[in-house]
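Below is one structure, written out as structure tokens, with a few remarks after it.
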Amino acid sequence: MRTIHLTYPLPHELEPYPCSIAIGYFDGVHIGHRRVIQKAIDAAKAKGWKSAVMTFDPHPREVLGQTGYTRYLTPLEDKLEQLDKLGVDLVYVMRFDIPFSSVYPEDFIEECLLPLQCRHVVVGFDFTFGYRGLGTAQTLQAMSKGRYSLDIVGPVNRLGEKVSSTIIREYLHHGDVEQTRHLLGRPYKIKGIVVHGDKRGRTIGFPTANVQITKPYLIGKNGVYGVRFQVDGKSYFGVMNVGIKPTFELEKKEKSLEVHVFDFQQEIYGKEVQVEFLFFIRDEQKFSGVDALIAQIHKDVETARKKFASGSY
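Taking my numbering, I'd label the letters of the sequence shown as residues 185 to 497.
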């Protein structure tokens with residue numbers, strides 16, 4: 185997969201390829217997004233074109249000052265990783281800034297899509313584009329003038345609910361990572377670096393890897409989760425506490441991510457790791473003392489091990 189970063193107006197030296205292109209922000213690359221993208225891939229294969237995706241960076245809502253969009257389900261690097269797995273040939277990453285937000289729909293078509301030799305365009309039914317979102321899928325159809333064909337993909341529903349990035353964010357805020365997994369088509373995951381912490385876990389018999397995220401991931405509800413932990417190409421099960429460790433009444437109330445990895449003894453400080461959220465165990469809580477905390481951690485570990493032993497993960 186080739187990734188091409190673009191700014192508006194497009195550079196004159198660009199050498200485009202005839203393509204079938206899916207357009208959208210695609211945060212999460214969830215099962216609804218994948219249906220849109222697969223349509224573009226299928227059309228490209230049928231016609232002998234390149235399959236392409238146009239996405240935007242950063243999130244348009246973040247640039248336009250809307251709250252809640254400084255954190256992502258899939259920061260750009262992770263999104264590109266997912267698109268590569270889908271078999272996309274080209275990804276155009278369009279820089280979204282204030283000048284680009286002022287481009288009218290017809291100018292976006294004439295000055296962005298057509299110069300990229302977009303022969304077929306695929307969008308979701310609720311796609312909007314251009315100044316103040318004035319452009320819609322119907323606008324793309326009306327302005328095509330036979331220069332490109334268009335597929336408009338309807339909503340994807342699961343259990344009567346429309347799949348969307350917004351719904352997935354809501355599930356994460358409530359700790360429902362199992363529903364999140366169903367809508368993404370894979371477990372929600374983050375990547376980070378293992379850093380030195382206060383090493384308190386060792387003193388109570390549960391050493392932890394303190395994971396410092398390196399990208400603007402959306403981290404959901406505080407609590408304890410069953411997780412899959414990956415380092416050096418190998419996977420392990422464990423439990424992760426997300427939160428502020430209220431039992432110890434720390435002055436700093438910064439959210440931390442601490443993973444107790446089962447049957448693991450290695451020193452991994454400074455290494456990049458990946459953590460997949462598999463199920464929620466309980467809310468974070470303040471205990472009366474260390475002994476009560478240790479007793480609860482034993483219960484958490486036992487709960488997680490039983491679920492892992494069921495073979496569902």
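Here a beta-carbon is modelled for each residue, glycine too, at the ideal position from N, C-alpha and C.
- DSSP places F461 in no alpha helix (DSSP H) but in the uninterrupted beta strand (DSSP E) bounded by E456 to D467.
- Going by DSSP, I207 is part of the beta strand (DSSP E) stretching over C203 to I207.
- Here the region 327–337 makes no contact with the region 357–373; the two share fewer than three CB pairs at distances below 8 angstroms.
- As the crow flies, the alpha-carbon of E290 is around 37 angstroms from that of L343.
- Take Q469, set aside five residues on each side of it, and no residue of its chain has a beta-carbon closer than 6 angstroms to its own.
- I282 counts as exposed, since fewer than 16 other C-beta atoms from the protein chains shown sit within 10 angstroms of its C-beta.
- The residue among K491, P242 and G407 with its C-alpha nearest the C-alpha of F421 is K491.
- Going by beta carbons, R218 and L270 fall inside the 8 angstroms limit.
- Per DSSP, the beta bridge partners of S419 are Q414.
- Listed as beta-bridge partners of V408 by DSSP are N425 and R466.
- At least 8 angstroms separates the beta-carbon of V277 from that of M185.
- Apart from sequence neighbours up to five positions away, the residues of its chain that approach Q301 with a beta-carbon distance below 8 angstroms are P200, Y201, P202 and C203, ordered along the chain.
- The residue among D416, K405, G417 and K418 with its C-alpha nearest the C-alpha of M424 is K405.
- The DSSP assignment places 282–285 and 289–292 as complete runs of the alpha helix (DSSP H) inside the region 261–301, in order along the chain (cut-off: 4 residues).
- Residue range V361 to L368 is occupied by the alpha helix (DSSP H) that includes L368.
- Bounds of the alpha helix (DSSP H) holding L477 are V474 to A493.
- Sequence-distant Cβ neighbours of Y497 in its own chain, meaning closer than 6 angstroms and more than five residues away, are L462.
- The C-alpha of V306 is placed about 14 angstroms away from the C-alpha of K234.
- The Cβ atoms of V347 and I215 sit closer than 8 angstroms to each other.
- Among the bridge pairs identified by DSSP, F313 is matched with G319.
- In this structure, the beta-carbon distance from V408 to D484 falls below 8 angstroms.
- Here H243 carries a coil assignment [DSSP, helix/strand/coil].
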